[in-house]
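I have placed the structure first, in the form of structure tokens, so that the comments after it can refer back to it.
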């Protein structure tokens, strides 16, 4: 094993090192001191540890219950001798063991004992829970900012909040605001079409958007618990709405929603009259939906408010990234002097940010360096050039906790601004741009960062070594969260760790290895977030970037980061998406490290060098710049945006991507020859589904088709959170699966196979369904969800008058489709997927009908390895090692020609 290299950033005062010799070996422990006093990230003297916190006599968990430190040794060793250590990331003097979010299985023990959510709730016990939460809430880094946040929104309509992971922003900000005077329901006169005036209710609810449904539901439960609000029944103050699931009691004041659900509400209520405020959380993830929401909110904020009866909409943007200047420029009031145009490459107009080591040193010294220059917080009461607020609180610059390329670290900030074309010095008018900014410094617990000394050729093998050494040397409690790129890597590492777990002696803790990725059922995902219930057991979560933000993975003290993630990259010239592993951004790296500091002090092991970290891009590329924008264009068109190229977006997609989207929408009949939305397009937008599936339902309801129920069955399987079919892990498994599913697999392709699966499953008695799924290696949870989605889609189609009546959801008799009906169903799907077809070329390979690119049938398809037909239709395609078609069905070439001509 190579010699360990320890590098300590910060001054070391001679003679004040704390040297300890643990049982398992001698280790030198160094303390970072400034003038003889250990300091926190904000520069203030670090308080001494007290009882119940690490460093004191005992540790406590989030409920305040003492934890017993168990494990193979009390020593804390650095795994693998090739690691460079770096301390001092995200230090804070706040010491509460509190998680920002929770879930059903993550609620406190008191929460479980009273059966929170039951109809007969003991109000006294609820009150005691609220009091217990209040203690931990006051220790959150965001708590001292409560009055500043309230004041900011009384004076401004837009507030930007920058808060580190674990600062408490997602749970606390809505609770700070829902009692404000402006956050109440009002009856106001609104002028309607025809010159009439009507009294309309406006406001009274705060909406908080989340990028993932698991975050929306778990945050709602946590906030309800903190407020003492029931989470079932007809009355409550906290609710949520996600696709195909909602809980909205009477009296709802705080409503957590996914971004897609808020966009869906904008279709029916473009002025968002239900809401007094909209909080956009995790905006740094920059999904397509959140970019659209930001554009619509910008129009509402800068509009005349006539549609809201003169009542302004408050907008709060929250992010854990380290620079909000781009967003400030986007939401600032337009002025004649401003050179900023939304979507016109704003990122080039912004000054660079500090490197991570400079930030730590400056903050520890109490003198943060600023690169913000003319971009300093420009609202009255937030800050001015002297860095003072109207309330006397110190305001840190937006870049004080930021990171930047090493090549810019030593350059003069102002000189760099002068060197840039179209300097953004005109982006904001101090005190007059209508945007307030609050910076919440610190998280509850510090995180120690460890880098590799040298590049590693096989990061999965290195991760395996690191996890095993952490497990052997680090005491309990302390779960491990590993970030990998995808399901294949997760399953490979899971298998390797399981083999090693069998060899570990009884004197060491047991390993509970849990995967966490998007294709897993929601219940399986939720289990990974819960605290481990078994005694003397360490949870090891193997996750994709689904665990990067929003929800705390309970119990995690150690994070192992591979430094990569799989992202979809849309190629507008080829009309296809590639799914490739790419390096993450520095913002994502900091987010991942923050997972280790949510409940206690933690460590992050980056399986790459510090030089590699400094070479990473600052931010992730927004999804709208790397994906198919068909959905975005339809949503804009359906909400009255005629010229989508000039809609205010923070980043505008490639013009070719927009043209391709309009072409596909025209083929589907969603827009006419002039690019205006049609009645079909409006109907498509009303479904909480991808545009293509909405088009299929509309076509299936036409009298000539009359196959709507069958189309609903197939789409319900396609929209579950996880795959219906369990995939084989070896060739032997492949043969077993083929034999087990031979009564389901259809030569007519994946669409007809899915129809047979859901039809057979629904026709079975409830008691027989689980065994039936096990025999055929199907996912029972996914099929159960498919039936729930099927019933809701039937209800939506009934509301849209596509169905005359709703049939019962369960125990329906199933009959296979006749060959004539199979043709009708496949032609119905072609109305939406005509552009995703391929024709058999003379060389025996498939070539896409649009674009003429070669494509192959994916191994997961029932048509893989079968005799090839003259043409195929596919519902998905991805590029990995080559271009693959997924969800494939055989069609005829003349069907494709007919569909493309419509």
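Numbering (the numbering used here), first residue to last: 1 to 902. For glycine and all other residues, C-beta sits at the position ideal for the given N, C-alpha and C. All values derive from a computational prediction rather than experimental measurement.
| query | result |
| --- | --- |
| Segment contact flag, the region 263 to 281 with the region 823 to 843, C-beta cutoff 8 angstroms, min 3 pairs | no |
| Bridge-paired residues (DSSP) for residue 568 | 579 |
| Rounded C-alpha distance that separates residue 777 from residue 856 | 25 angstroms |
| Strand pairing of residue 890, partner residues [DSSP] | 872 |
| Inter-residue CB distance, residue 714 and residue 755 (contact presumed, cutoff 8 angstroms) | 5 angstroms |
| One or two residues paired with residue 603 in a DSSP bridge | 448, 558 |
| For residue 144, the three-state DSSP class (helix, strand or coil) | helix |
| For residue 609 and residue 454, the rounded distance between their alpha carbons | 6 angstroms |
| Three-state secondary structure assigned by DSSP to residue 302 | coil |
| Closest residue to residue 436 among 884, 864, 780, 155 (Cα-Cα distance) | 155 |
| Identity of the residue in 463, 639, 165 nearest residue 607 by Cα | 463 |
| Between the CA atoms of residue 125 and residue 147 - distance to the nearest angstrom | 29 angstroms |
| Proximity test, residue 753 beta-carbon vs the ligand COA heavy atom, cut-off 7 angstroms | For the ligand COA, the structure offers nothing, since it holds no ligand at all. |
| Host beta strand (DSSP E) of residue 483 (start-end) | 479 to 483 |
| Backbone secondary structure at residue 297 - three-state DSSP | helix |
| Start-end ranges of the alpha helix (DSSP H) lying completely within the region 214 to 239, minimum 4 residues | none |
| Rounded C-alpha distance that separates residue 195 from residue 307 | 14 angstroms |
| Where the beta strand (DSSP E) through residue 514 begins and ends | 510 to 516 |
| Rounded separation between residue 500 and residue 757 - CA only | 38 angstroms |
| Nearest-angstrom Cα separation, counted from residue 685 out to residue 652 | 22 angstroms |
| Backbone secondary structure at residue 320 - three-state DSSP | coil |
| Assigned exposure category for residue 936 - 16 Cβ within 10 Å defines buried | Absent from the structure is residue 936, since the part of the chain shown begins at 1 and ends at 902. |
| Contact between the region 458 to 472 and the region 621 to 631 (3+ Cβ pairs under 8 angstroms) | no |
| Check whether residue 517 and residue 544 have beta carbons under 8 angstroms apart | yes |
| For residue 332 and residue 305, the rounded distance between their alpha carbons | 17 angstroms |
| The region 289 to 305 in contact with the region 215 to 230 per 3-pair CB rule at 8 angstroms | no |
| Residue 156, enclosing alpha helix (DSSP H) - first and last residue | Where residue 156 is concerned, there is no enclosing alpha helix (DSSP H), given that its DSSP letter is neither H nor E. |
| Residue nearest to residue 688 in terms of C-alpha spacing, selected from 648, 318, 523, 289 | 289 |
| Paired residues, beta bridge with residue 163 - DSSP | 440 |
| Residue 123 - partner residues in DSSP beta bridges | Bridge partners of residue 123: none, in fact. |
| Boundaries (first-last residue) of the beta strand (DSSP E) holding residue 255 | 254 to 258 |
| Any alpha helix (DSSP H) of 4 or more consecutive residues that is wholly inside the region 670 to 753 | 679 to 686, 691 to 700, 708 to 718, 731 to 740 |
| Secondary structure of residue 854, DSSP reduced to three states | strand |
| Residue 709 to residue 701 span [Cα, whole Å] | 9 angstroms |
| For residue 292 and residue 324, believed in contact at Cβ under 8 angstroms, the rounded distance | About 19 angstroms separates the two Cβ atoms, so there is no contact after all. |
| Residue 526 vs residue 257 beta-carbon contact at 8 angstroms | no |
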